[in-house]
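Only one structure is covered here, and it is reproduced in the block below.
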Amino acid sequence: MAVSVVYCPSFVVETTGLDKPFLEQQVQTSIPTLVVEKQRRKRKEGRGNQNRFSEKYRRLMEAMGRSEAESGAGRFSSAANQRQETEEMRALCVFALLATLGLVVGEEGARLLASKSLLNRYAVEGRDLTLQYNIYNVGTSAALEVELSDNSFPPEDFGIVSGMLNVKWDRIAPASNVSHTVVLRPLKAGYFNFTSASVSYLAQEGGQVVVGYTSAPGQGGILAQREFDRRFSPHYLDWAAFGVMTLPSIGIPLLLWYSSKRKYDSPKSKKN
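See the structure below:
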């Protein structure tokens, strides 16, 4: 028996020689049906995939919406907390300002500021050294029984030329100042630490004694007399000695030149 093979675009069918025409007709009529069925199946699978993709996309968008809503709520909550903290800080600042103003208003009375300064550019052994004390009353009332005391100058190192290191004032009016000057004479050369003086006073009548201190000039050097003269004196004696020593070397050649000049410049006598 002969075997015939019928080719189809989608499949191969083996037949016998007797059934070949019938099978070819069946195949030709069934091919479009199979193709249509296959296309319908593909479209159905495509719609199923599309539906599944749409469902996944919808779920993703819902999740993103929930996260955005949660983040928006978090931002709103953080903004509200920050606003509350700002209001609390503002209230604390206002309270601190009011407390400071209350302290300033409550601190009525005298308030002294004092300074101590050296008026000399150089402190020199054996030469006058001038100190100036300034006291300012920046309070609202007069300072009473004001006493300035400076015990920072040992008698073996400094001598008092004029003024006193301990002085008193009965009162210093508000918005006014007083000054005091002392002239000392350093007795030794070297470094010395100029410390502050003390000031005591009554801020209010019948009140407690208030003790304060002046400013301090700090550490400074006291030059020796010889060193100061070597640096800053006009050296008149040195210049005079220099002139005396150079006089022979200048005067003798000058005399020789002058005598020679007179000899050759004298007019010759005429012969009769």
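Mapped onto numbering that gives the first Met the number 0, the consecutive letters of the sequence shown carry residue numbers 0 to 271.
C-beta: ideal position from N, C-alpha, C; glycine also.
Computed from a prediction, not measured in an experiment: that's the story for all the values here.
Open item on the list: Using only the alpha-carbon positions, how far apart do D264 and A240 sit?
Closed with: Position 265 of the sequence shown, counting from 1, holds the residue named residue 264. Position 241 of the sequence shown, counting from 1, holds the residue named residue 240. Approximately 36 Å, taken between the alpha carbons.
Open item on the list: Considering only DSSP beta bridges, list what T180 is partnered with.
Closed with: As a working note, residue 180 is residue 181 in the sequence shown. DSSP output for T180 lists Q131 as bridge partner(s).
Open item on the list: Just to confirm before moving on: does the CB-CB distance between A321 and G205 stay below 8 Å?
Closed with: The chain is shown only over 0 to 271; residue 321 falls outside these bounds and no answer can be derived.
- [ ] Starting from the Cα of Y200, find the closest Cα among I249, L254 and S148 and give me that residue.
- [x] In the sequence shown, counting from the first residue as 1, residue 200 sits at position 201. Cα-wise, what sits closest to Y200 is S148.
Open item on the list: Please report the straight-line C-alpha distance between G162 and A95, rounded to a whole angstrom.
Closed with: One-based indexing of the sequence shown puts residue 162 at position 163. One-based indexing of the sequence shown puts residue 95 at position 96. Roughly 47 Å between the two C-alpha positions.
Open item on the list: Mapping the DSSP letters down to three states, classify G105 as helix, strand or coil.
Closed with: The residue you call residue 105 lines up with position 106 of the sequence shown. The predicted position of G105 is uncertain, since its pLDDT is 46 and thus under 50; a value taken from the coordinates is nonetheless stated next. Reduced to three states, the DSSP call for G105 is helix.
TODO: Within the region 131 to 208, note down every full beta strand (DSSP E) run reaching 3 residues or more, in order along the chain.
DONE: 142 to 148, 157 to 161, 165 to 171, 175 to 185, 189 to 193 and 197 to 201
Task: Helix, strand or coil at A62 according to DSSP, with G and I counted as helix - done: Counting from one through the sequence shown, the residue named residue 62 turns up at place 63. It is helical.
Open item on the list: I'd like the span of the beta strand (DSSP E) that includes S116, first residue to last.
Closed with: Stepping through the sequence shown from its first residue, residue 116 is reached at position 117. L111 to L117 is the extent of the beta strand (DSSP E) around S116.
Task: C-beta contact flag for D127 and V181 at 8 Å - done: On the sequence shown, residue 127 is found 128 positions in, with the first residue counted as 1. On the sequence shown, residue 181 is found 182 positions in, with the first residue counted as 1. No, they are not a contact pair.
Open item on the list: By the three-class DSSP mapping on this structure, what secondary structure does A240 have?
Closed with: Here residue 240 refers to the residue found at position 241 of the sequence shown. In the structure shown, A240 sits in a helix (DSSP, three-state: H, G or I).
Open item on the list: If you follow the beta strand (DSSP E) that G220 is in, where does it begin and where does it stop?
Closed with: In the sequence shown, counting from the first residue as 1, residue 220 sits at position 221. Run containing G220: G217 to L222, per the beta strand (DSSP E) assignment.
Open item on the list: Bridge partners for A122 per DSSP, in chain order?
Closed with: Along the sequence shown, read from residue 1 onward, the residue named residue 122 stands at position 123. According to DSSP, which records beta bridges pairwise, A122 is partnered with I221.
Task: Exposed unless 16 or more other CB atoms sit within 10 angstroms - verdict on T213 - done: By one-based count along the sequence shown, residue 213 stands at place 214. That one is buried.
Task: Beta-carbon gap between Y135 and L111 smaller than 8 Å - done: Here residue 135 corresponds to residue number 136 of the sequence shown, with the count starting at 1. Here residue 111 corresponds to residue number 112 of the sequence shown, with the count starting at 1. Yes; because the gap between Cβ atoms is below 8 Å, this pair is in contact.
Open item on the list: Measuring only the C-alpha atoms, how far is G158 from S151?
Closed with: In the sequence shown, counting from the first residue as 1, residue 158 sits at position 159. In the sequence shown, counting from the first residue as 1, residue 151 sits at position 152. Roughly 12 Å between the two C-alpha positions.
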